[in-house]
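**Student:**
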Amino acid sequence: MQFTPTPEQTFIRQMVDDFAQRTLAPQAAELDERGEFSWDNFREMGRLGLTGLLTPVEFGGSGASRLTAAMVAEGIAKACAGSGAALAVHLMVQTLIDRFGLPEQKQRWLPALASGERLAAFSLTEPGAGTDAASLITRAEADGDDYIVNGNKVFVTSGGEADLYAVMVRTGGPGPGGISTLIIEKGTRGFHFGKKEQKMGLGASPTMELIFEDCRVPRENLLGGEEGIGFKVAMSALDGGRISVGAAAVGVAQAALDHSIAYAKEREQFGKPIGQFQGIQFMLADMAAEIEASRLLVYQAADLMDRGQASTAKAAIAKRFATDACMRVTTDAVQIFGGYGYLKDFPVERLMRQAKILQIVEGTNQIQRVIIARELLGDR
């Protein structure tokens with residue numbers, strides 16, 4: 312198994328790095344501080360073909376591989392993890408529509424999403440249904456040609472900004488088999504936005520509560536035209552989502568290492584750069600080793616998914632390892648910067664705050680361990 316980039320991947324990586332460092336990086340701290348989503352940046356990603364990266368060409372996308380998408384996610388997150396989070400969820404929703412949607416649903420929604428004209432969000436979590444997602448209670452009752460939706464969702468990435476929301480709702484009895492997926496558009500009567508969360512990091516990616524009060528949604532918005540497959544839809548998204556989160560962790564960690572190396576060369580104590588002290592050298596060496604191992608695990612999981620092979624365990628391993636490594640690397644980066652690392656004038660404190668959420672989203676790292684163990688034991 313080799314991960315030498317193809318000429319096309321090399322071109323895309325260079326394009327993404329140029330865009331990310333030229334456009335995203337200079338704004339990252341300000342967007343994080345203000346908690347502001349940048350439509351200008353998102354639309355620029357659309358012009359570069361990134362907002363439809365995984366969507367088939369026939370629907371206006373780029374038709375790229377998961378491995379290519381992982382490389383892109385790493386490059387974007389290295390500059391601005393908040394922008395990367397919004398893009399990752401946007402791509403996730405498109406893959407769900409492409410995989411499970413009816414032909415007319417794909418034609419209706421995918422082109423505008425792939426072009427970056429519209430933004431998508433994914434909505435599964437509820438106040439009482441986080442890790443135990445199958446216990447969700449947001450209800451959709453059939454009413455003629457419509458569904459009447461009541462309930463609320465929390466922790467929705469791009470909430471308030473997104474135009475389309477893939478919402479998991481209960482159309483049947485308890486448990487996974489009673490869950491379906493509705494695509495609900497912003498502006499639908501009875502669909503409101505609640506609290507905008509004030510987070511430690513990822514300010515460029517708003518997180519908001521969704522409220523549904525007798526919200527009438529056309530039956531034609533039932534993804535796949537079939538009730539009871541919503542939990543399958545949601546879970547199918549998570550393997551790819553975990554690869555994206557792992558890739559983002561690699562990008563954030565790489566940024567922390569790059570800043571640390573530059574600082575270790577410039578900062579002098581006891582008459583010489585701190586990079587000449589073995590204690591600092593060992594920290595940098597360990598950081599580099601963890602990043603390289605994380606990158607290879609992420610690429611392996613993406614490659615398996617591209618080849619249609621079982622990737623659930625590998626995606627969970629990659630997500631768990633890469634995000635834990637990112638937390639360690641960014642913490643060490645703050646340590647290398649010393650007192651300056653704790654100041655917002657320097658970038659590593661922001662990277663450390665970003666790293667924490669990556670251990671939580673797309674299933675906590677404790678849940679990743681459960682998934683890995685189940686796959687090892689054959690206990691589904």
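In the numbering used here, the protein residues as written are 312 to 691.
All residues carry an ideal CB built from backbone N, CA and C; glycine is no exception.
Could you spell out the range, first to last residue, of the alpha helix (DSSP H) harbouring residue 443?
**Tutor:** Sequence index remark: in the sequence shown, residue 443 carries index 132 (1-based). Element bounds for residue 443: n/a, residue is neither H nor E.
**Student:** Compute the Euclidean distance between the alpha carbons of residue 502 and residue 630, then round it to the nearest angstrom.
**Tutor:** Taking the sequence shown and counting its residues from 1, the one referred to as residue 502 is at position 191. Taking the sequence shown and counting its residues from 1, the one referred to as residue 630 is at position 319. Taking the straight line joining both Cα atoms gives about 33 Å.
**Student:** Beta-carbon within less than 6 Å of residue 621's beta-carbon, same chain only, minus the 5 sequence neighbours each way: which residues are those?
**Tutor:** Counting from 1 along the sequence shown, the entry for residue 621 is found at position 310. Same-chain partners within the cutoff: there are none.
**Student:** Buried or exposed, going by whether 16 or more other CB atoms sit within 10 Å of the CB of residue 500?
**Tutor:** On the sequence shown, residue 500 is found 189 positions in, with the first residue counted as 1. Residue 500 should be labelled exposed.
**Student:** Taking all protein chains shown into account, decide if residue 566 is buried (16 or more other Cβ within 10 angstroms of its Cβ) or exposed.
**Tutor:** Against the sequence shown, residue 566 aligns to sequence position 255. By the neighbour-count rule (16 or more Cβ atoms within 10 Å), residue 566 is buried.
**Student:** According to DSSP, simplified to helix, strand and coil, what is residue 506?
**Tutor:** One-based indexing of the sequence shown puts residue 506 at position 195. DSSP places residue 506 in strand when its eight states are reduced to three.
**Student:** Below 8 Å between beta carbons: does that hold for residue 551 and residue 362?
**Tutor:** Taking the sequence shown and counting its residues from 1, the one referred to as residue 551 is at position 240. Taking the sequence shown and counting its residues from 1, the one referred to as residue 362 is at position 51. Not a contact, by the Cβ cut-off of 8 Å.
**Student:** Leaving aside the five residues before and after residue 560 along the sequence, list all residues of the same chain whose C-beta is less than 6 Å from its C-beta, in chain order.
**Tutor:** Here residue 560 refers to the residue found at position 249 when the sequence shown is read from its first residue. 633, 634, 637 and 669, listed in sequence order.
**Student:** Which residues in the same chain have their Cβ closer than 7 Å to the Cβ of residue 343, if we skip the five residues on either side of it in sequence?
**Tutor:** Sequence index remark: in the sequence shown, residue 343 carries index 32 (1-based). Same-chain partners within the cutoff: 393, 512, 514, 515 and 661.
**Student:** What residues are listed by DSSP as bridge partners for residue 494?
**Tutor:** Walking along the sequence shown from the start, residue 494 turns up at place 183. DSSP output for residue 494 lists 477 as bridge partner(s).
**Student:** Return helix, strand or coil for residue 677, following the three-state DSSP convention.
**Tutor:** Translated into positions along the sequence shown, residue 677 becomes position 366. Residue state, collapsed to three classes: helix.
**Student:** Between residue 476 and residue 495, how many whole angstroms is the CB-CB distance? I'm expecting something under 8 Å.
**Tutor:** As a working mapping, residue 476 is identified with position 165 in the sequence shown. As a working mapping, residue 495 is identified with position 184 in the sequence shown. With 8 Å as the limit, residue 476 and residue 495 qualify as a contact, their Cβ atoms being about 5 Å apart.
**Student:** On the DSSP bridge assignment, give the partners of residue 584 in chain order.
**Tutor:** For the purposes of this step, residue 584 is identified with residue 273 of the sequence shown, where counting begins at 1. Paired residue(s): 579.
**Student:** I want to know whether the region 519-530 touches the region 452-470 - three or more CB-CB distances under 8 Å.
**Tutor:** Because the criterion of three Cβ pairs below 8 Å is met, the region 519-530 and the region 452-470 touch.
**Student:** For residue 381 and residue 554, which I take to be in contact (beta-carbon distance under 8 Å), what is that distance rounded to the nearest angstrom?
**Tutor:** The residue you call residue 381 lines up with position 70 of the sequence shown. The residue you call residue 554 lines up with position 243 of the sequence shown. Going by Cβ atoms, the distance from residue 381 to residue 554 rounds to 6 Å, so yes, they are a contact pair.
**Student:** Just to check my reading of the structure: residue 517 and residue 346 have Cβ atoms closer than 8 Å, yes? What is that Cβ distance to the nearest angstrom?
**Tutor:** Locating residue 517 in the sequence shown gives position 206, where the first residue counts as 1. Locating residue 346 in the sequence shown gives position 35, where the first residue counts as 1. 7 Å between Cβ atoms; contact.
**Student:** For the putative contact between residue 519 and residue 467, defined by C-beta atoms under 8 Å, what is the C-beta separation to the nearest angstrom?
**Tutor:** The sequence position of residue 519 within the sequence shown is 208, counting from 1. The sequence position of residue 467 within the sequence shown is 156, counting from 1. Confirmed, Cβ separation roughly 6 Å.
**Student:** Just to check my reading of the structure: residue 504 and residue 493 have Cβ atoms closer than 8 Å, yes? What is that Cβ distance to the nearest angstrom?
**Tutor:** Along the sequence shown, one-based indexing puts residue 504 at 193. Along the sequence shown, one-based indexing puts residue 493 at 182. So it is not a contact: roughly 17 Å between Cβ atoms.
**Student:** So what does DSSP say about residue 531, is it helix, strand or coil?
**Tutor:** One-based indexing of the sequence shown puts residue 531 at position 220. In the structure shown, residue 531 sits in a helix (DSSP, three-state: H, G or I).
**Student:** DSSP three-state call for residue 524: helix, strand or coil?
**Tutor:** By one-based count along the sequence shown, residue 524 stands at place 213. Strand at residue 524.
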